Structure formats: C-alpha cells, structure tokens
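Position 8, counted from 1, in the sequence shown is what full-length UniProt numbering calls 8; the numbers after and before it change by one each time, with no gaps. To keep things clear, I will list the structure first and then write my remarks on it.
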Amino acid sequence: MPLPKEMRSVTVHPTQPITTTITTVAVPQILAPNEVLIKVQAAASNPKDWLHLFMLGVSLNSGDDLAGTVVGMGTEVSKFRIGDRVAAFHALGQPYGAYAEYAVAPAYTVFAIPGDMGFEEASTIPLVSLTAAITLFRRQGFAAPWDLDLGPDQECADKNKNKKPLLLYGATAALGTYIVKLAKMAGIGPIIAIGGGSNIFLDYRPGMEQVKKEVSGYAKRYNLKLLNSIDAFTENKTWVDISQMLDAGILSVFSSANSYDESGVPDNVQIMYTYVDTGHEGAYKPGMPKQATPEEAVGDVDSAGKFFDWVGNMCREGKFSVHPFDVVPHGLHGVADGLNTLKDGQARGKKLVYIVS
C-alpha cells in the first residue's frame with residue numbers, strides 16, 4: 001500500500017498550561033541512508049518533552065519514544081523489513097518526532113519487538129532505558145551485559161568485574177527502575193537503593209540526614225567502599241547530599257539546568273551529566289554542565305546501537321519487562337493533558353502513553 005502524502009503531527013507549546021496544536025504536514029518520502037520511517041501506533045512522554053521547550057523557548061513535536069511498524073527505510077538499512085514491529089528512540093529536536101502518525105529514527109536506535117509485546121508497552125522503553133544504559137555502562141564505567149563473556153551455563157563469567165556497590169537515589173522513578181533492572185542484569189551490586197513506596201528500598205521521606213546515617217550504617221556493616229552513585233531525581237540539590245555519602249568517585253545527574261558547582265560537593269567526587277542524545281549525536285550541546293570527554297561521547301553512538309540490539313533480543317526472550325504506564329485518552333489530542341500531568345508531578349511514577357493508530 002502506498003504511503004499517504006499527509007499526516008497529523010502535534011506541536012507542543014511552552015505555555016502555562018502546556019498547549020498543543022495538531023496540523024497536517026507532509027509524510028517524509030525521502031529518507032537519509034540510515035533512517036527508518038515508522039507508522040506510529042503508540043507514543044510515550046518523558047519529562048524532557050516539556051522541560052526542554054521551556055528552557056529553549058521553542059515549540060515543536062517533542063516526542064521521542066514510539067512504537068509501530070516499519071513502512072520505509074533508507075538505502076543503507078538492512079536489518080529491518082517493511083511491516084516489522086519495532087520501537088524507536090527519535091533524535092531529540094529533529095523533525096518527524098513521535099507525536100505524529102509517522103515518525104523517523106536512525107536505524108541503530110530502532111529495535112524489533114516480539115508479537116506478544118504491545119505497542120503501548122514497547123513505546124515506554126527507548127529513551128529512559130538508553131539513559132540508564134549510558135549512565136551505567138559509559139559514564140559509571142561498569143561492564144555492559146552485551147560485552148561480557150558468557151560461560152556455558154549462560155551466566156556471565158565476567159560479572160565479577162561489576163561486583164562493586166552502587167548507590168542509587170530515586171529508585172522508584174521510571175529512570176531509577178531501569179537503572180536497577182540493567183544493573184541486576186549486568187551483575188552490578190550490591191545496590192543501595194533509596195526511594196519510596198517499597199519496603200525493599202531505603203525510605204527518603206525521613207530526610208537526607210537520616211538517609212545519610214542509614215547509608216553509612218550499611219557501608220560500615222558490609223565493608224563497602226562507595227565509589228559509584230546515581231541521582232535519578234536530580235532536583236532540589238539532592239546531588240549535594242548524595243555526594244557526601246560517597247568515599248570518592250562518580251555521581252551521575254540528569255538535569256542540564258544546574259551547574260553542579262556547590263561547595264558542599266567533596267573535591268574527590270566527580271559529578272557527571274548524562275545527556276541521552278549523545279547516543280545519536282556523539283556529543284554534548286555547548287554549555288551543558290559536567291560533560292564527559294569528547295572521545296567518550298563519540299563512543300556513545302556505537303554503544304547505543306549495541307544496546308538496542310541487545311534490548312530487542314531480551315524482549316524476544318521475555319527477559320526485559322517494562323515500566324508501569326497509563327494510557328492517556330484521546331490519542332494525539334491527549335498529549336497536552338499528558339504533558340501537563342507530568343509537569344504537575346501527577347504521573348505517580350508511571351509512564352504516560354498515547355495510542356496514535
């Protein structure tokens with residue numbers, strides 16, 4: 001069946017409250033050699049979908065998480081066929097985003113999904129899982145599960161490389177849950193996880209001073225040297241207190257709105273900002289804080305491709321579960337409602353998904 005010439009696409013505006021407009025635009029007919037054109041069945045929101053627009057003062061189709069079927073490919077794409085069921089991470093700020101009937105993504109950030117996985121489920125995976133992967137396996141320096149040697153019993157013989165503690169703040173947020181998921185799959189641990197709503201995590205609600213005491217107690221009891229930490233919350237200067245729980249090492253953060261130069265951060269703790277689109281661009285944007293070296297950022301592109309190939313395999317084998325999600329009513333017309341729910345902190349730890357087709 002030939003492609004339609006036009007499609008509906010959402011533009012998100014940084015207004016109070018957030019508003020959207022739906023316009024008719026051309027369906028891309030010519031693709032770059034490494035691009036995949038996808039008929040979008042479901043799209044999912046991330047906080048950056050509204051945050052970046054307010055920071056930059058721009059309006060655009062800011063959706064980057066999607067799932068659907070392949071309807072077109074560039075000349076260099078060989079691993080997909082027309083009709084394949086896929087999920088994809090669209091490049092941030094580029095044309096043909098996820099909030100539309102058709103979207104475009106580089107082939108290396110597209111992965112196949114099995115027939116028993118719903119499009120709604122699959123759309124929740126790409127951006128947040130790659131953020132977790134870049135953080136753990138690029139910035140924090142842990143060995144990635146797809147790079148580990150496998151023994152005859154399919155256990156990772158090299159998992160001992162990852163047998164060191166990880167301190168995680170914000171474990172019950174979507175990003176935190178993916179960090180825990182990937183860390184466990186890579187054999188990283190023990191994990192000291194701080195969150196809410198679960199008795200398996202240290203509770204953050206009594207306050208940071210109590211959290212510090214509990215973390216210190218665990219470290220002393222089990223003779224742990226804390227050198228790796230992740231602040232999956234990254235708000236209200238949480239990173240300052242978390243940095244003070246470490247013996248030294250690296251603390252990963254996720255907001256580009258801060259400089260992270262507070263005097264309370266110990267000199268022997270290096271704060272490192274994860275910008276997920278280094279997986280597309282191989283570079284940070286000018287002015288972003290606490291960047292990795294240019295050489296390290298360039299390598300994120302190849303790592304992103306390996307990661308999504310691995311995720312596709314794990315999904316096919318039933319070993320990759322998704323984060324809880326809610327479907328927002330009214331499809332593309334519901335995007336404004338979903339983003340306002342995120343902005344107002346009312347998502348309650350769930351991903352928000354829109355059924356497009």
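All C-beta atoms in this analysis are idealised placements derived from N, C-alpha and C, irrespective of residue type, glycine included. Note that the structure is a prediction, hence the values are computed from the model and not measured.
Exposed or buried, which one is residue i when buried takes at least 16 other CB atoms within 10 Å?
| i | result |
| --- | --- |
| S263 | exposed |
| V209 | It should be noted that the sequence gives Glu, not Val, for residue 209. With fewer than 16 other Cβ atoms within 10 Å, it is exposed. |
| H323 | buried |
| A122 | buried |
| H280 | buried |
| R139 | buried |
Would you kindly work out how many angstroms separate the C-alpha atoms of residue i and residue j, rounded to a whole number?
| i | j | result |
| --- | --- | --- |
| P33 | A107 | 9 Å |
| C156 | L148 | Here C156 scores only 49 on pLDDT, less than 50, and its place in the model should not be relied on; the value that follows carries that caveat. Between C156 and L148, the C-alpha separation is close to 6 Å. |
| Y218 | P114 | 41 Å |
| Y99 | I250 | 35 Å |
| M117 | K220 | 43 Å |
| F233 | K163 | 24 Å |
| V215 | I192 | 8 Å |
| A297 | Y284 | 7 Å |
| residue 364 | F307 | The structure shown has nothing for residue 364, since the chain only spans 1 to 357. |
| M55 | D309 | 33 Å |
| K212 | G338 | 35 Å |
| T278 | Y260 | 20 Å |
| S252 | S78 | 35 Å |
| R85 | I38 | 9 Å |
Hey, residue i and residue j: beta-carbon distance below 8 Å or not?
| i | j | result |
| --- | --- | --- |
| A112 | G318 | no |
| S59 | H52 | no |
| L166 | G189 | yes |
| V40 | E120 | no |
| M7 | V25 | yes |
| L332 | T341 | no |
| V110 | F80 | yes |
| G303 | F201 | Looking at the sequence provided, one finds Ser at residue 303 rather than Gly. Taking 8 Å as the Cβ cut-off, S303 and F201 do not qualify as a contacting pair. |
- [ ] Tell me, please, whether the stretch 77 to 94 touches the stretch 57 to 68 by the rule of three or more beta-carbon pairs shorter than 8 Å.
- [x] yes
- [ ] Mind listing, in chain order, the continuous alpha helix (DSSP H) runs of no fewer than 4 residues lying wholly within the stretch 232 to 319?
- [x] 238 to 243, 278 to 281 and 294 to 316
- [ ] Kindly confirm or deny that the stretch 284 to 295 and the stretch 69 to 77 touch, where touching means at least three C-beta pairs closer than 8 Å.
- [x] no
TODO: Say whether the stretch 169 to 176 touches the stretch 187 to 203, bearing in mind that this needs 3 or more beta-carbon pairs closer than 8 Å, one atom from each stretch.
DONE: yes
Open item on the list: Taking contact to mean 3 or more Cβ pairs, one atom from each stretch, closer than 8 Å, check whether the stretch 239 to 247 and the stretch 257 to 274 are in contact.
Closed with: yes
Open item on the list: I'd like to know if the stretch 340 to 349 and the stretch 134 to 147 are in contact, where contact means that at least 3 CB-CB pairs between them fall below 8 Å.
Closed with: no
Open item on the list: Across the stretch 126 to 134 and the stretch 177 to 191, are there enough close Cβ pairs to call them in contact, namely three or more that are closer than 8 Å?
Closed with: yes
Task: Unbroken stretches of the alpha helix (DSSP H), 4 residues or longer, contained in the stretch 13 to 75 - done: 48 to 56
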